[in-house]
Ligand code: 6MZ
């Protein structure tokens, strides 16, 4: 898979802002987990969707359930987080925001707080090992679990935002978009916002979420995940587009994920083009690089070949992503400086 990526895209310094931890676990790491838990009887085909294949979004959520069975101890979590960080770094990602949903595993004694602490520990260890990547953590709310769990998750996120030396920077709202309604989660999200957590919210991933998106935009979120059905050409509305434009809310766009999970018909029809042509901030992301057999380099290459972007345009996309991140201003400035150094080396 990797050899299909041209050197330019691999060498391009990149910012990854939409990566679900468990969905990002690579085939190699998955093999290790499967071998370690033979009693679960899990086949590789149950954890990864291979290139050229497609699933419904429902089927993708079934894949996550299988993955969660495989990652059920602190040791697993530490191992997969470090592996995912290393792989992103090897792919040329220099700034990464990982998101993950804290889980309880009664059998192994994993608690939600230990879950968050373990991810933070993995990030710290990677830093100590001098892996060339700055990693931050967004604590995720799974919409399926309702308002009380959402409030509990916000409290956890707030506590670690205050005690993790800037590693926890915000929250994500994700999970099966056909389950639950954003209005029930609004109080928790408002609370998160008020205590200084940044918000990256999945919005309009499926068509039925128009009313919910109107509501969530009142927060407003700091970034939008997918936003597939926001614009009128696919059943969204100009009112939604205006609100996103007015508030200049960046979109996290995941081409391969949307095609493989069949929420977008083809690469050519991906909503990247709609927003890119408006000059709106669009950030290319992987979503779940393990499940969807992709990498961020591949996503950049795909966008370039599908939409005819030259190297300068690709560069601009990557550089613009820095400002869409939740990094402190001083870090953004350092990243801008690094990008400038890379630019002269890459000659684009
Ligand atoms: C919505 C998604 C997603 O949290 O266990 N997740 N939510 N839409 C998507 N599009 C395909 N892909 C992943 O990572 C897995 C969890 O991330 C969310 C789901 O809640 C999934 O269970 P973590 O690290």
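Residue numbers (this note's numbering): 193 to 540.
Even for Gly, the Cβ is constructed at its ideal location relative to N, Cα and C.
All values reported here derive from a predicted model rather than from experimental measurement.
Going by DSSP, what residue range makes up the beta strand (DSSP E) through residue 475?
It spans 474-476 - the beta strand (DSSP E) in which residue 475 sits, taken as one unbroken run.
Which residues DSSP lists as bridging residue 206, in chain order
Looking at the DSSP output, residue 206 bridges to 285.
Distance check for residue 341 and residue 207, CA to CA, integer angstroms please.
So the two alpha carbons sit approximately 30 angstroms from each other.
Alpha helix (DSSP H) containing residue 146: first to last residue?
No information on residue 146 is available, as it lies outside the stretch 193 to 540 that the chain covers here.
Who are the Cβ neighbours of residue 480 in its own chain at under 7 angstroms, not counting the five residues just before and after it?
A distance below 7 angstroms between beta-carbons, with the five flanking residues on each side excluded, links residue 480 to the following residues of its chain, in chain order: 212, 215, 216 and 449.
Quick one: using the 10 Å Cβ neighbour count with 16 as the cut-off for buried, is residue 242 buried or exposed?
Classified as exposed, residue 242 has fewer than 16 neighbouring CB atoms from the shown chains inside 10 Å of its CB.
Is residue 262 near residue 223, with beta carbons less than 8 angstroms apart?
For residue 262 and residue 223, no; Cβs fall outside 8 angstroms.
Could you tell me which whole alpha helix (DSSP H) segments of length 4 or greater appear in the segment 419-469?
Entirely contained in the segment 419-469, the alpha helix (DSSP H) runs reaching 4 residues are, in chain order, 430-438, 447-452 and 464-469.
Report whether the distance from the Cβ of residue 215 to the nearest heavy atom of ligand 1 is below 7 angstroms.
Yes, the beta carbon of residue 215 sits closer than 7 angstroms to at least one heavy atom of ligand 1.
Write down every uninterrupted run of the alpha helix (DSSP H) in the segment 278-333 whose length is 4 residues or greater and which is fully enclosed by it, in chain order.
Taking 4 residues as the shortest admissible run, the segment 278-333 contains the following complete alpha helix (DSSP H) segments, listed from N- to C-terminal end: 304-320.
Less than 8 angstroms between the C-beta atoms of residue 315 and residue 331, yes or no?
Contact annotation: residue 315 and residue 331 have beta-carbon atoms that are not nearer than 8 angstroms.
Helix or strand or just coil, what does DSSP make of residue 366?
It is a strand residue.
Could you give the C-beta distance for residue 516 and residue 475, rounded to a whole number, given that I count them as a contact under 8 angstroms?
The C-beta distance from residue 516 to residue 475 rounds to 5 angstroms, short enough to fall under 8 angstroms.
Is it buried or exposed for residue 493, if we count other Cβ within 10 angstroms and need 16 for buried?
Residue 493 should be labelled buried.
At 4 residues or longer, what runs of the alpha helix (DSSP H) sit wholly inside the segment 469-537?
Complete alpha helix (DSSP H) runs here, min 4: 488-499 and 503-516.
Distance, residue 288 Cα to residue 347 Cα:
Each residue's Cα considered, the two are about 23 angstroms apart.
Can you find a heavy atom of ligand 2 that lies under 7 angstroms from the Cβ of residue 449?
This structure simply doesn't include ligand 2; it includes ligand 1 instead.
Name, in chain order, the residues that DSSP records as bridge partners for residue 243.
Note: residue 243 sits in no beta bridge, so no partner.
Please classify residue 436 as buried or exposed, where buried requires at least 16 neighbouring CB atoms within 10 angstroms.
With 16 or more neighbouring CB atoms inside 10 Å of its own CB, residue 436 falls in the buried class.
Taking all protein chains shown into account, decide if residue 414 is buried (16 or more other Cβ within 10 angstroms of its Cβ) or exposed.
Under this definition residue 414 is a buried residue.
Residue 275 to residue 390 span [Cα, whole Å]
Rounded to the nearest angstrom, the two C-alpha atoms are 26 angstroms apart.
Compute every distance between the C-beta of residue 236 and the non-hydrogen atoms of ligand 1, then say whether any falls below 7 angstroms.
No; taking the cut-off as 7 angstroms, the Cβ of residue 236 has no heavy atom of ligand 1 nearer than that.
In this structure, does DSSP put residue 348 in helix, strand or coil?
Reduced to three states, the DSSP call for residue 348 is helix.
Cβ-based burial, residue 536 [other Cβ within 10 Å; buried from 16]
Of the other Cβ atoms in all chains shown, fewer than 16 fall within 10 Å of the Cβ of residue 536; this residue is therefore exposed.
Could you work out which residue in 432, 365 and 456 is closest to residue 402 when comparing CA atoms only?
That would be 432, whose Cα lies nearest to the Cα of residue 402.
Tell me which residues share the same chain as residue 459 and place their Cβ nearer than 8 angstroms to its Cβ, disregarding the 5 neighbours each side in the sequence.
Counting only Cβ-Cβ distances below 8 angstroms, and skipping sequence neighbours, we find 447, 451, 494 and 498.
Rounded to whole angstroms, what is the Cα-Cα separation between residue 300 and residue 482?
Distance between the alpha carbons of residue 300 and residue 482 is about 24 angstroms.
Nearest-angstrom Cα distance between residue 270 and residue 293?
The alpha-carbon atoms of residue 270 and residue 293 are separated by roughly 14 angstroms.
Proximity to residue 530 [Cα-Cα], best of 324, 306 and 311:
Nearest C-alpha to residue 530 among 324, 306 and 311: 324.
First and last residue of the uninterrupted beta strand (DSSP E) at residue 260:
It is not in any beta strand (DSSP E) - residue 260 instead sits in the alpha helix (DSSP H) that spans 249-262.
Tell me whether residue 219 sits in a helix, a strand or coil according to DSSP, three-state version.
Residue 219 falls in the helix class under three-state DSSP.
Straight-line Cα distance separating residue 334 from residue 352
One C-alpha to the other measures close to 18 angstroms.
What did DSSP end up calling residue 229 once you bin it into helix, strand or coil?
The answer is coil: DSSP assigns residue 229 none of H, G, I, E or B.
Please confirm whether any heavy atom of ligand 1 lies closer than 7 angstroms to the CB of residue 366.
Yes; taking the cut-off as 7 angstroms, the Cβ of residue 366 has a heavy atom of ligand 1 nearer than that.
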